[in-house]
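**Q**
Residue numbers (this note's numbering): 1 to 154.
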């Protein structure tokens, strides 16, 4: 057995020596953690940039170039039928059919305010038995005559 005195002497000798330096400190742990985090962030940014460039390059290489699109032309319609007579659809209210009114062309050139009316009786130079047609010159909505001759102003 070991004597108790020998143990005390060994412990007192060890106690008088300085402790060995510690390999890890709090400041060292913080520095190493920041360095690892910075390295991982750099790797992530560079990796995602390279992946984006790769996807764009692959898409440009694989996808065909866009050709101009021709406008579509309408094809034959399967619902069109040919009829020989055109019959208007029946309506429930009576409708009178009147011919459309024809309007005389209006002249925008200035005109005199004197209105010439043609004679109401046939001219005396007309042969007997024939009558010359009586016509009134066309008038505008204000009652002024409208010139039927071509305008010379441009």
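The C-beta atom is built at its ideal place from N, Cα and C for all residues, glycine as well.
1) Buried or exposed for residue 64, going by 16 or more other Cβ atoms inside 10 Å?
2) Taking the straight line between their C-alpha atoms, what separation do you get for residue 55 and residue 46?
3) Indicate the three-state DSSP secondary structure (helix, strand or coil) for residue 42 in the structure shown.
4) Three-state secondary structure (DSSP) at residue 139?
5) Which value, in whole angstroms, describes the spacing of the CA atoms of residue 34 and residue 4?
**A** Looking at the coordinates:
1) Translated into positions along the chain shown, residue 64 becomes position 64. Residue 64 comes out exposed.
2) Counted from its first residue, the chain shown places residue 55 at position 55. Counted from its first residue, the chain shown places residue 46 at position 46. The alpha-carbon atoms of residue 55 and residue 46 are separated by roughly 14 Å.
3) If you number the chain shown from 1, residue 42 lands on position 42. Of the three classes helix, strand and coil, the one that applies to residue 42 here is helix, per DSSP.
4) Against the chain shown, residue 139 aligns to sequence position 139. Reduced to three states, the DSSP call for residue 139 is strand.
5) Locating residue 34 in the chain shown gives position 34, counting from the first residue. Locating residue 4 in the chain shown gives position 4, counting from the first residue. One C-alpha to the other measures close to 51 Å.
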